[in-house]
Amino acid sequence: MINCEIKIRALVMRCVPAACLIFLIALVSLPVSEPAAAADWETVGRSTALGINYPGGSLKLFLSDSFAAELRGQYVDKIMTGGARLYYYPPILGFKNARLRPFLCVEGDYISFKGQLSKGSGTTVGGVGGVEYFLSKRLSVQTDAGPFYIMLKDSDSSLKQNGLEFVINFGVNFYFK
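Using numbering that gives the first Met the number 0, the first residue of the sequence shown is number 0, and each one after it goes up by one.
Take a look at the structure:
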């Protein structure tokens, strides 16, 4: 169990530099970026996106201008996660048609792992806040961070490990109709 927890922490720590870089680029470009036309955001707000995130992928479907649902999957070092997110893009004055869109979301995932000493499964539940920066009408980068409660159980020994972890994500989204 400890071996799996170390791998999960190492995986999270590998994401930190890239997520910080994406966030800083988006933050620095905020004052100089021109807002997208209203028609551009209306197109994106009613579309679907394929995402690439470290180390997996996602499929996001906008339910309205403010809400989106996403199916996510990730796999690395014999650790697999699969789950769903519900996004909320708040109608903050000045951000509705801007390239930089803040969001909040809740996520739930199933985890399975297999290490040298243990194997098992578990679940996570958490919430994140983040930003999505549109490079064009069909391409965006996003980063988010937040706390997740992780519940793991070793299938051989029935040992359980629960705890709160801070997670940082980053990804690229390709939008289509």
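Just so it is clear, CB atoms sit at the ideal spot from N, CA and C, and this is done for glycine as well.
Just so we're clear, the structure is a prediction, and the values are computed from it rather than from any experiment.
Item to check | Per-residue burial, residue 153 [other beta carbons within 10 Å of its own, 16 or more giving buried] | outcome: buried
Checklist entry - Exposed or buried, which one is residue 61 when buried takes at least 16 other CB atoms within 10 Å? => result buried
Checklist entry - How should residue 86 be labelled, buried or exposed, when 16 other C-beta atoms within 10 angstroms of its C-beta is the threshold for buried? => result buried
Item to check | Residues of its chain near residue 173, where Cβ-Cβ distance is below 7 Å and the 5 sequence neighbours each way are ignored | outcome: 48, 49, 137, 138
Checklist entry - So which of 73, 166, 144 has the shortest CA-CA distance to residue 55? => result 73
Checklist entry - Quick one: is residue 59 buried, meaning 16 or more other Cβ sit within 10 Å of its Cβ, or exposed? => result buried
Item to check | Identity of the residue in 67, 132, 146, 106 nearest residue 46 by Cα | outcome: 67
Checklist entry - residue 140 to residue 168, Cα distance in whole Å? => result 11 Å
Item to check | Bridge partners - residue 153, DSSP secondary structure assignment | outcome: 119
Next on the checklist: Tell me which residues share the same chain as residue 33 and place their Cβ nearer than 6 Å to its Cβ, disregarding the 5 neighbours each side in the sequence.
Outcome noted: Legend: pLDDT at residue 33 = 46, less than 50; position of this residue unreliable, no value from coordinates given.
Checklist entry - Which whole-angstrom value is the C-beta distance of residue 128 and residue 163, which I expect to be below 8 Å? => result With 8 Å as the limit, residue 128 and residue 163 do not qualify as a contact, their Cβ atoms being about 16 Å apart.
Checklist entry - Leaving out five residues before and five after residue 118 in sequence, what residues of the same chain have Cβ atoms less than 6 Å from its Cβ? => result 154
Checklist entry - Three-state secondary structure (DSSP) at residue 169? => result strand
Next on the checklist: Looking at residue 159: is its Cβ nearer than 8 Å to the Cβ of residue 112?
Outcome noted: no
Checklist entry - Assuming residue 106 and residue 82 make a contact with CB atoms under 8 Å, what is their CB distance in whole Å? => result 6 Å
Next on the checklist: Given this structure, state the Cα-to-Cα distance separating residue 132 from residue 98, to the nearest angstrom.
Outcome noted: 6 Å
Checklist entry - Count the other CB atoms within 10 Å of the CB of residue 135; is the residue buried (16 or more) or exposed (fewer)? => result exposed
Next on the checklist: Can you list, in chain order, the residues of its chain with a C-beta nearer than 6 Å to that of residue 126? Leave out the 5 residues immediately preceding and following it.
Outcome noted: 105, 145
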